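Asks: I have a structure I would like to understand better, so I am pasting it below and will then ask my questions one at a time.
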């Protein structure tokens, strides 16, 4: 085990230990802070409910993430190939992006209903913008000398895009995709709280209404495990694919 | 054997038209006249080197010959005996910029075949051909390595291989050895001469280094300070193949004296202009 891993584990143990000691020692009520052991126990007891809710949320987040990434990269690519269109589209894009994503959720729920579609749409919107902006920044970072070299070999705009600009933009696109993993779950859960038929956000909302605070914490625990795993997976893929950095 | 190539090159104007011919060429960028009334010609098979004070418009000249920049109207540009626009030279001249500009996500072989890939060549055949050329470029066994795993000299050889594999009659090399240490540089120079003699291409070579210019070239062109034009065209009648011992011979020193005097004069001019 590496030194960094050891220290990380030590930090986690210390945090959880003091949480447990604080909750038990001060006999805090559950609505303030339940003991960590109680949360883990309750999570285990409700594992099938939490697992299905977790899958539900994860499915929304992954689907929205995939749509958002595809749309963001495609749009950025099109604007790079058509620079005049970029000047027309960018101000509107930045204006839409300036509104916090959560503000759109009541409208999206109204349009798409309280099923999965509205969550997927919200996640796609949030992820799409992140990826779109990082892809554009990545494309803009191309080396003019390298582009000149390829042009001297007779490369046209399409060859330049696939042989130079897209690979050169990959590190920034991947960094955007890494950040967007966590964002996708946050947006899915927040939207579920506003109206849903299942998922972790829905569980949290129901648990608060039923004054079951340990259940709230259980759902948070599951959400953070999902979020960390998704983040870890994309980070691992990033290191695999973008080996040259 | 002695100076056979230089003699062929000198004898050629009568029989064959120059591969590249420029006259009255100018290029202005905003308020800066980078190149003015520039004239030069390069014979097929000739190795021409170009020296000049920094900022004299050497790179502007190269960009025009590579087809990346259009000269201002009024000049004459002829390639293979036919007048043309600079942009028509895109894809017809093999250009190697100062930095190696290897693509970090491609391994040695795939960087070497980049130009052929852009031409639409079959990737597998291009790879096979490049693989067979690796030993000649001192890269045998390195085909799967990525640029960040190579030394500066090796990266430069990959870039040269990419330039050679793009089979065009005219090679433009912009200070290809500028970033290398002295020892690697002198080895690369001799290796480049062998390569040139073997492949029979025409080379136009920019450098800062007067020794390098004389050691490599059939002819040394000295550029004036900005606005750049050709001040001196000096034939180098030294025997080939060239040996490092040549660098200390009286003939070499005499040529060097002449080139240095011309450069010195221009450097003073540009120094006075900027002071």
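Protein chains in written order, with the working numbering: chain Z, 738 to 982; chain Y, -2 to 272. From the three backbone atoms N, C-alpha and C, an ideal C-beta is built for every residue, glycine too. What you are looking at is a predicted structure, and each value in this text was computed from that prediction instead of being measured.
Tell me whether residue 238(Y) is buried or exposed, calling it buried when 16 or more other Cβ atoms sit within 10 Å of its Cβ.
Replies: Position 241 of the second chain, counted from the start, is the residue given in the question as residue 238(Y). Burial call: exposed.
Asks: Check whether the Cβ atoms of residue 960(Z) and residue 797(Z) lie closer than 8 Å to each other.
Replies: In the first chain, the residue the question calls residue 960(Z) occupies position 223. In the first chain, the residue the question calls residue 797(Z) occupies position 60. It is not a contact, given that the beta carbons lie outside the stated cut-off.
Asks: What is the DSSP secondary structure of residue 31(Y), reduced to helix, strand or coil?
Replies: Start at 1 with the first residue of the second chain, and residue 31(Y) comes out as number 34. Here residue 31(Y) sits in strand by DSSP.
Asks: Would a check of beta-carbon distances place residue 174(Y) closer than 8 Å to chain Z?
Replies: The count along the second chain starts at 1 and reaches residue 174(Y) at position 177. Taking Cβ atoms only, chain Z never reaches closer than 8 Å to residue 174(Y), which makes this a no.
Asks: Anything in chain Z within Cβ reach of residue 64(Y), meaning under 7 Å, just list it in chain order.
Replies: Residue mapping note: residue 64(Y) aligns to position 67 of the second chain, counting from 1. In chain order: 889.
Asks: Could you compute how far the alpha carbon of residue 0(Y) sits from the alpha carbon of residue 216(Y)?
Replies: The sequence position of residue 0(Y) within the second chain is 3, counting from 1. The sequence position of residue 216(Y) within the second chain is 219, counting from 1. Because the pLDDT at residue 0(Y) is just 44, under 50, the model does not fix this residue reliably, and the point stays unresolved.
Asks: Can you pull out the residues from the segment 152 to 180 of chain Y whose beta carbon lies closer than 7 Å to at least one beta carbon of chain Z?
Replies: Contact annotation: in the segment 152 to 180 of chain Y, residues whose CB is within less than 7 Å of a CB in chain Z are 163.
Asks: Taking 8 Å as the cut-off, does the segment 949 to 963 of chain Z touch the segment 878 to 896 of chain Z (at least 3 CB pairs, one atom from each stretch)?
Replies: no
Asks: Is residue 73(Y) helix, strand or coil by DSSP?
Replies: Walking along the second chain from the start, residue 73(Y) turns up at place 76. Collapsing the DSSP output to three states places residue 73(Y) in a strand.
Asks: Using a Cβ cut-off of 8 Å (strictly closer), state whether residue 974(Z) contacts chain Y.
Replies: For this step, residue 974(Z) is matched to residue 237 along the first chain. Output row for residue 974(Z): interface = no.
Asks: Quick one: is residue 32(Y) near chain Z, going by C-beta distance under 8 Å?
Replies: Taking the second chain and counting its residues from 1, the one referred to as residue 32(Y) is at position 35. It does not; no Cβ of chain Z falls within 8 Å.
Asks: Since I believe residue 106(Y) is in contact with residue 140(Y) (beta carbons under 8 Å), could you give me their beta-carbon distance rounded to a whole number of angstroms?
Replies: On the second chain, position 143 is the one that residue 140(Y) refers to. On the second chain, position 109 is the one that residue 106(Y) refers to. Yes, they are in contact, since the Cβ atoms of residue 140(Y) and residue 106(Y) sit about 4 Å apart, within 8 Å.
Asks: In three-state DSSP terms, what is residue 199(Y)?
Replies: Sequence index remark: in the second chain, residue 199(Y) carries index 202 (1-based). It is a strand residue.
Asks: Counting only C-beta atoms, is residue 896(Z) closer than 8 Å to chain Y at any point?
Replies: Your numbering for residue 896(Z) matches position 159 in the first chain. By this cut-off, residue 896(Z) is an interface position.
Asks: Mind checking which residues open and close the beta strand (DSSP E) that includes residue 26(Y)?
Replies: Counting from 1 along the second chain, the entry for residue 26(Y) is found at position 29. Here the beta strand (DSSP E) through residue 26(Y) covers 17 to 26.
Asks: For the alpha helix (DSSP H) containing residue 966(Z), name the first residue and the last one.
Replies: Translated into the one-based positions of the first chain, residue 966(Z) becomes position 229. Here the alpha helix (DSSP H) through residue 966(Z) covers 950 to 978.
Asks: My parser needs the alpha helix (DSSP H) runs of 4 or more residues fully inside the segment 742 to 768 of chain Z; what are they?
Replies: none
Asks: Taking residue 171(Y) as part of the beta strand (DSSP E), name the residues at either end of that continuous run.
Replies: The residue labelled residue 171(Y) in the question sits at position 174 within the second chain. Counting along the chain, the beta strand (DSSP E) containing residue 171(Y) begins and ends at 167 to 171.
Asks: Could you tell me which whole alpha helix (DSSP H) segments of length 4 or greater appear in the segment 875 to 962 of chain Z?
Replies: Complete alpha helix (DSSP H) runs here, min 4: 881 to 889, 894 to 897, 903 to 931, 937 to 946.
Asks: Name the chain Z residues whose beta carbon is nearer than 9 Å to that of residue 92(Y)?
Replies: Residue 92(Y) sits at position 95 when you count from the first residue of the second chain. Neighbours of residue 92(Y) in chain Z, taken as residues whose beta carbon is under 9 Å from its own, are 885, 886, 889, 890 in chain order.
Asks: What are the start and end residues of the alpha helix (DSSP H) that includes residue 174(Y)?
Replies: Mapped onto the second chain, residue 174(Y) falls at position 177. Element bounds for residue 174(Y): n/a, residue is neither H nor E.
Asks: Between the segment 856 to 876 of chain Z and the segment 799 to 815 of chain Z, do at least 3 Cβ pairs fall closer than 8 Å?
Replies: yes
Asks: Going by the CB atoms, is the gap between residue 214(Y) and residue 177(Y) shorter than 8 Å?
Replies: The residue you call residue 177(Y) lines up with position 180 of the second chain. The residue you call residue 214(Y) lines up with position 217 of the second chain. Contact: no.
Asks: I'd like to know whether the C-beta atoms of residue 91(Y) and residue 192(Y) end up nearer to each other than 8 Å.
Replies: As a position in the second chain, residue 91(Y) is number 94, starting the count at 1. As a position in the second chain, residue 192(Y) is number 195, starting the count at 1. For residue 91(Y) and residue 192(Y), no; Cβs fall outside 8 Å.
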